[in-house]
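Reviewing the structure listed below.
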Amino acid sequence: MPNVPISWLKDHVEVLPGTDARTLAQALVKVGLEEEEIHPAQVTGPLVVGKVLTLDAKKQTNGKVINYCRVDVGAHNDPPGTGKEPSELPSRGIICGAHNFGVGDYVVVSLPGAILPGEFKISARKTYGHISDGMICSERELGLGTDHDGIIVLNKQYAKEDIPPIGEDVIEFLGLGQELLEINVTPDRGYCFSMRGVAREYAHSTGAHFTDPGLATTPEANEQGFPVEVEDDEPLRDHVGCNRFVTRVVRGVDPQAPTPRWMVERLEAMGMRSVSLAVDITNYVMLDLGQPLHAYDLSALAGPLVVRRAHPGESLRTLDDVERNLDPEDLLITDSPDGKRASRILGLAGVMGGQYSEVEESTTDVLIEAAHFDAVSVARSARRHFLHSEASKRFERGTDPLLPPVAADMAARLLAKYGNGSVDHGVFDLNFVPEPELIIMPVMEPQRLTGVAYPPERVVELLEEIGAQVEGDDPLQVTVPSWRPDLKQPCDLAEEIARLDGYDNIPSELPQARAGQGVPPRMMMRRRTQHLLADLGFVGVGSYPFIGDAHDLQLIPDDDERRQTIELRNPLVEARPKLRTNVLDSLLDVARRNRARGAESIRIFEMGMVARPQGVVPHDIPSAQQRPHPKEVGGLHRGTPKQPWHLGVVAGGRAQGGDLERDYDWKDATELVQELGRELGVTIQISALYRQPGGQLPHGRPTPKPLQDPAYAAPWHPGRSGILFVSQKKRIVPIGRVGELHPRVIDAYALPARSIALELDLEALFKLIPDTPVEPHAISSYPPVKEDIAIVVDQQIPVSMVLDTIRSAGGPLLEDVSLFDEYVGDQIEEGKRSLAFALRMRATDRTLKAKEAAKVRGEIVEKLSNQLGAKLRA
1 MPNVPISWLK DHVEVLPGTD ARTLAQALVK VGLEEEEIHP AQVTGPLVVG
51 KVLTLDAKKQ TNGKVINYCR VDVGAHNDPP GTGKEPSELP SRGIICGAHN
101 FGVGDYVVVS LPGAILPGEF KISARKTYGH ISDGMICSER ELGLGTDHDG
151 IIVLNKQYAK EDIPPIGEDV IEFLGLGQEL LEINVTPDRG YCFSMRGVAR
201 EYAHSTGAHF TDPGLATTPE ANEQGFPVEV EDDEPLRDHV GCNRFVTRVV
251 RGVDPQAPTP RWMVERLEAM GMRSVSLAVD ITNYVMLDLG QPLHAYDLSA
301 LAGPLVVRRA HPGESLRTLD DVERNLDPED LLITDSPDGK RASRILGLAG
351 VMGGQYSEVE ESTTDVLIEA AHFDAVSVAR SARRHFLHSE ASKRFERGTD
401 PLLPPVAADM AARLLAKYGN GSVDHGVFDL NFVPEPELII MPVMEPQRLT
451 GVAYPPERVV ELLEEIGAQV EGDDPLQVTV PSWRPDLKQP CDLAEEIARL
501 DGYDNIPSEL PQARAGQGVP PRMMMRRRTQ HLLADLGFVG VGSYPFIGDA
551 HDLQLIPDDD ERRQTIELRN PLVEARPKLR TNVLDSLLDV ARRNRARGAE
601 SIRIFEMGMV ARPQGVVPHD IPSAQQRPHP KEVGGLHRGT PKQPWHLGVV
651 AGGRAQGGDL ERDYDWKDAT ELVQELGREL GVTIQISALY RQPGGQLPHG
701 RPTPKPLQDP AYAAPWHPGR SGILFVSQKK RIVPIGRVGE LHPRVIDAYA
751 LPARSIALEL DLEALFKLIP DTPVEPHAIS SYPPVKEDIA IVVDQQIPVS
801 MVLDTIRSAG GPLLEDVSLF DEYVGDQIEE GKRSLAFALR MRATDRTLKA
851 KEAAKVRGEI VEKLSNQLGA KLRA
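Note that UniProt numbering has the sequence shown beginning at 1, numbered continuously upward.
Dropping the structure here:
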């Protein structure tokens, strides 16, 4: 984030008197530039101008000569006859060991209470037989340089008329101790990475007069300039990577010329170090105007410069001494020293220069480059090579395409002035910048979007204040300023109007909530499911939906559709490049982790989405350079897998509740399913997994599909698990699987013996739940009638199917039915089993008579016989 020195800001805007870093931050935050940090000054006063009145040099016993001085420090003097060492002159007594000054010289004095770099606090102290009431400072003591042999003599370094009066503060005069405000610049406000941009925003906030340095007049382009060509006409791109390139030449530069102190101070305030005059000037202009520049050694170049894309196999050693393999999308600056067209790479355009033709200690002729590069191209190159420079930071946010000639001219004049060179008359300006965008905006659009009634004249005033040209009455025809590439739509202009008028002028009003239907039914059912599981003692977890080949341990056959997964192009973890097709794919890992960390009992569940690739039609990723065509958007939708919501449950170890100490087994799994069904108002049935001979039930009833596919058993135990399904008229809809896990899976995941699991397709289940709310049953105060029946049926008929048939035959008088005994043995026919059920019948309006109960019982037995071939057991 950029720092803002107030002294630099004053070059472009009339800063209000008394402004410090805190008040500056308050002004800028009004226009959306937030304060990041205020960096305190390294030097704090009092640091003043002093005039040496007397100097008494005495040689000490150690051979060192020490000067006792009386120094006039103006308003800070001790009156005559007072002070720590009374004197006849209004002054202060100071001990100094330097000898490069004399009586009448003007020096820099730090008085008691001042703090110098390194937290060096100044105080009065007795030394060499005198009290030193302050300190006469050297360059090193003030952090201005490394010279410590002599103190600063102002009248030897500055003209007398430039030296502040005696006793005046010199912190600002010397460029010391300036507080720095660090601001946070959002990506759409890239122009604020410059003093020019910040000064403009300060003017917007305070109304102070702003002089735009970016509008300075410059020499016109001519044919004598250093030529540049752009070769970037790839038909797949809707714009070239460079649409403006300006070059200026400065000759006869003194390679040993130092960078002026004021410029070094400003660069250091912005976190940059001084390198050389030419490099420092390009950095300074970039920080001042926001236009990145580059300086070349003219003698090492062979024109013309060519801006082009990289060729396959090319590489570049950048200024940070790193060899980088280039991508065909990288934009380069090249020249042709051996006559071959564009054979040598000079730099990665907008990011960093190369080692060829860089300015060296012997450079006397300098070529200055100022260009406008495509923001997207620069951003991609910077990210591709992990090379984020100060130049790329500005280019990728969008720079002002009208600024290159101004920045190049400013840099050339500074280099000629401080390097004793001369600016060539040649000015090259390759310019095919498109016309600025015209935005058509209804004059009432800002009011519509913000709710604030802006008068039309106020709208025009604010738009012109940001630099836009406005024509027309309604709608307004707005030409956006060149330094604001982020303004593209009427809503962007409305945001600018609200920002400059003041966000605090927008009233805070809570919207009136319209009557609605509350939480959507699907979400409500998911919440009810989660609440039920939590009430039953299960803990909800969240796992990453990424899997690897470890799910092979779940015994899923190779031809199972669950093996068809989506593989990610850029996985977060190389070992898990695929998206899960079932929640258990990742939930079992969570169970293993809990078990490994000492959990004796595991009760976890997860509700999340899975990816099903069936029916996916792959589609190429569209270019990000333009808005995708509707056909491309449709192709992306067809290439996106279905992602239904699933519920996964894993439990193992000691079961919760009850007095009996036992472990979880398949009965807990089936009871959990019944609880879920009761909560959601749907009857969930369970069928066995193993294949039945002939695929037929007695009396020609077809076997449901789940019973015909043994692959559905993985990763469950083949004899202690089942398919979950819902009967809907004549259709049987499978919705999941439940039961104990296979012993090999339990061993692979180190889970407790006979651990149970549930995988439920919530999307399929919710479609089967009627929209009408579940009607509560009335509570009858009449006594129940209890009957028991025992039937003999084929072993392959699931108990759930028998229960479904009994409930259907019993009608409204059958209140409850439960299985209480199962028998397989010598007393019944082979291949059959005996099932005993307890029936409870009750009416809501009367006491049932014996003949009514007998009739219900008879209808149940008859329907069992007709549909399932069951026989009543004697």
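Note that CB positions come from ideal geometry on N, CA and C, so glycine has one too.
Local conformation of residue i per DSSP, three classes
i, result
"histidine 425", "strand"
"threonine 217", "coil"
"lysine 488", "coil"
"valine 824", "coil"
"tyrosine 158", "coil"
"methionine 525", "helix"
"asparagine 77", "coil"
"proline 734", "strand"
"proline 718", "strand"
"glutamate 369", "strand"
"leucine 462", "helix"
"isoleucine 94", "strand"
"arginine 857", "helix"
"aspartate 560", "coil"
"threonine 844", "coil"
Rounded C-alpha distance that separates residue i from residue j
i, j, result
"isoleucine 163", "cysteine 69", "21 Å"
"tyrosine 128", "lysine 58", "10 Å"
"leucine 510", "alanine 27", "28 Å"
"methionine 263", "isoleucine 368", "18 Å"
"tyrosine 202", "proline 258", "33 Å"
"lysine 631", "isoleucine 440", "28 Å"
"lysine 126", "alanine 75", "23 Å"
"serine 808", "serine 865", "14 Å"
"aspartate 20", "glycine 426", "44 Å"
"leucine 587", "serine 601", "15 Å"
"alanine 748", "alanine 757", "15 Å"
"arginine 244", "alanine 370", "8 Å"
"valine 307", "glycine 150", "52 Å"
Assumed close pair residue i, residue j - CB separation to whole angstroms, cut-off 8 Å
i, j, result
"glutamate 88", "glutamate 182", "At roughly 50 Å, the Cβ-Cβ gap does not stay under 8 Å, so glutamate 88 and glutamate 182 are not in contact."
"glycine 350", "serine 194", "In fact, because the Cβ distance is near 16 Å, the residues do not count as touching under 8 Å."
"glycine 190", "serine 377", "Rounded, the Cβ-Cβ distance is 15 Å, inconsistent with contact."
"valine 73", "glycine 50", "5 Å"
"alanine 295", "valine 359", "5 Å"
"proline 475", "proline 446", "Contact doesn't hold; Cβ gap of about 12 Å is too wide."
Endpoints, alpha helix (DSSP H) assigned at residue i
i, result
"histidine 204", "195-206"
"isoleucine 806", "799-810"
"valine 307", "Unbroken run through valine 307 is the beta strand (DSSP E), 305-309; no alpha helix (DSSP H)."
"asparagine 283", "277-289"
"glutamine 224", "That residue, glutamine 224, is in no alpha helix (DSSP H); it is neither H nor E in DSSP."
"glycine 635", "630-638"
"asparagine 184", "Here asparagine 184 belongs to no alpha helix (DSSP H); instead the beta strand (DSSP E) covers 180-184."
"proline 644", "Unbroken run through proline 644: none, as it is neither H nor E."
"glutamine 447", "445-450"
"glutamate 829", "Looking at the DSSP string, glutamate 829 is not in any alpha helix (DSSP H), and its letter there is neither H nor E."
"glutamine 26", "21-29"
"glycine 677", "666-680"
Spatial neighbours of residue i in its chain, beta-carbon cut-off 6 Å, leaving aside the 5 residues before and after
i, result
"leucine 568", "Pro577"
"arginine 701", "Residue confidence for arginine 701 is low, a pLDDT of 44 falling below 50, so the modelled location carries little weight and cannot support an answer."
"glycine 635", "His619"
"aspartate 816", "Arg840"
"aspartate 424", "Val249"
Cβ neighbours of residue i in the same chain (closer than 7 Å, five flanking residues each side left out)
i, result
"serine 110", "Leu47, Leu116, Ile122, Gly134, Met135, Cys137"
"isoleucine 566", "Lys578, Leu579, Ala611, Pro613, Pro641"
"tyrosine 782", "Arg842, Ala843, Arg846, Thr847"
Residue interval of the beta strand (DSSP E) (run including residue i)
i, result
"phenylalanine 245", "242-251"
"glutamate 767", "In the sequence as displayed, the identity of residue 767 is lysine instead of glutamate. No beta strand (DSSP E) contains lysine 767, which is instead part of the alpha helix (DSSP H) from 762-768."
"proline 258", "First-last for proline 258: undefined, no H or E at that position."
"aspartate 334", "For clarity, residue 334 is threonine in the given sequence; the question names aspartate instead. Segment 331-335, the beta strand (DSSP E) holding threonine 334."
"valine 52", "47-59"
"arginine 70", "65-72"
Cut-off 8 Å between Cβ atoms - residues of its own chain near residue i, not counting five sequence neighbours on either side
i, result
"isoleucine 95", "Ile66, Asn67, Tyr68, Cys69, Thr127, Tyr128, His130, Ser132"
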